[in-house]
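Trainee:
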Amino acid sequence: MCIPTTTARHRALRRFSRRRLLGALGGAGAGLLLAACSGGEDEPGVTVDVPGDDDPAEEPMAEAAAQAEGADDEAQSAAEEESPGLEAEPLIWVEPREVQQGAAFIVASDAPGAGFASVAFGGQILSMQREGSRFYAILGIDALAPVGPIPLIISIADGAGDPAVQRETLIAVRDSEWQTEVVQLDEENRSLLDPNVTRQDTETRGPFLRSRSSDRFWHDIFDPPAAGVITSGYGLLRSYNYRPPSEYHAGVDFAGAVGDTIVAPSGGVVLWGGQTQRRGNGLIVDHGAGVTSGYYHLSDFAVTPGQVVQPGQFLARMGATGLATGPHLHWEIVVQGVTVNPVQWIRTLGFPSPTQEFDPLDALPARLEIPG
Ligand SMILES: [Zn+2]
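All residue numbers in the sequence shown are consecutive under my numbering, ending with 378.
Here you go:
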């Protein structure tokens, strides 16, 4: 992980508004993390934990940020104009700027001469992935994220690790107007709604949901991992036996029969293979650059953690293990820890491609714009 030097950290703090940073971090401890450090390209995609309320490190950092607040606006403007150490003024895009609940979006910058870039959004600060002079991060909006604006701050450091440019903008989260789906459960399945069963599932899979690979194994849209039709969409509010909805559907369901083939929708490395009471037999594949996928209710699987898989490679067989009313594949996509709609990843329209060509006219302006 990249640790900012004391000097770089202080310079970054001087150029930052504590209020704005707190906004981008969703009210968590401010910090610094703004990581102006060189050599970030060695470990792109690193997540930097934001100190929590009980973190003793938070107070001094918050104080330092508060002391710096007086002069920060002026310093920020100066930094934008000077762009020290960069070969050209970087162009920064956020695409799209209006994001539906449950969708992924991309932050990208063409920044020749830059050594490091990070993005602060929704309580996280992430190192942006680097490929040539392009930096990018794929981010996700939770299905139940509040509708409205969310601040996003991009910081770019020059080759020496000194802060060069910062831009801030607002992402407008749009209502996806999820429908409610009634699911009839028999007694055995109903017992799997027990909070302890859910907790066991979360605790077992939780450590494996985040991408760990700095290599990006995906290059184009994903292929569907199963041949059947999608019988239940992402985001549906689930009402079990006509009770008020207690959760939303975190993936898509492909219909099929026990034993049907499930293949890798894209390249990756197997992160986890195991079992929980709730999701039955499952697999998690790390596609790199912040993206993982999950496969559940399997009858069995044919790959092991650490194994590299190619697009189309046989992964597993469909089943009905765990909480399932019949054989199907429950497929999930997780972006930086946020479970998003997998359908966006198998369609050209809206696919968050890191190598796409952006229009310079669509680049973020230096000044904050409020989306309508
Ligand atoms: Zn499902």
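Cβ coordinates follow ideal geometry from the N, Cα and C atoms, glycine included.
1. Please state if the CB of Glu101 and the CB of Gly364 are separated by a distance shorter than 9 Å.
2. Answer yes or no: the CB of Ser182 versus the heavy atoms of ligand 1, is any distance below 8 Å?
3. For Thr327, which residues in the same chain have their Cβ closer than 6 Å to its Cβ, ignoring the five residues on either side in sequence?
4. Which of helix, strand or coil does DSSP assign to Asn247?
5. What does a CB cutoff of less than 6 Å around Phe223 pick up in its chain, not counting 5 residues either side in sequence?
6. Just checking my contact of Val258 with Ser245 at CB under 8 Å: how many whole Å lie between their CB atoms?
7. I think Val344 touches Asp148, with their Cβ atoms under 8 Å apart; what is that distance to the nearest whole Å?
8. How about Phe364: is its C-beta nearer than 9 Å to some C-beta of chain C?
9. Can you give, in chain order, each stretch of the beta strand (DSSP E) that sits fully within the region 206–246 and has at least 3 residues?
10. Are the CB atoms of Ser161 and Pro231 within a distance shorter than 9 Å?
11. Which residue comes first and which comes last in the beta strand (DSSP E) that contains Asn347?
12. Please indicate yes or no: does the CB of Asp259 lie closer than 8 Å to some heavy atom of ligand 1?
13. What would DSSP say about Glu88, mapped onto helix, strand or coil?
14. Pick helix, strand or coil for Val171, following the three-state DSSP scheme.
15. In terms of DSSP beta bridges, what is Val189 paired with?
Mentor: So, from the listed chains and residues:
1. Looking at the sequence shown, residue 364 is not Gly but Phe. Yes, Cβ-Cβ distance for Phe364 and Glu101 is below 9 Å.
2. no
3. These residues qualify, in order along the chain: Gly286, Asn287, His303.
4. In this structure, Asn247 counts as coil in the three-state DSSP scheme.
5. Gly273, Gly274, His293, Gly294
6. Contact flag wrong, Cβ pair sits at about 18 Å.
7. Yes, Val344 and Asp148 are in contact; Cβ-Cβ is about 5 Å, under 8 Å.
8. Although the question refers to chain C, the structure presented lacks it and comprises just one protein chain.
9. 236–238, 243–246
10. In this structure, Pro231 sits away from Ser161, with a CB-CB distance that is not shorter than 9 Å.
11. Segment: none, Asn347 is in no beta strand (DSSP E) and carries neither H nor E.
12. yes
13. In this prediction, Glu88 has a pLDDT of 49, which is less than 50 and means its spatial position is unreliable; what the coordinates show is noted afterwards. Glu88: helix per DSSP, three-state reduction.
14. strand
15. Secondary-structure assignment with DSSP links Val189 through a beta bridge to Tyr246.
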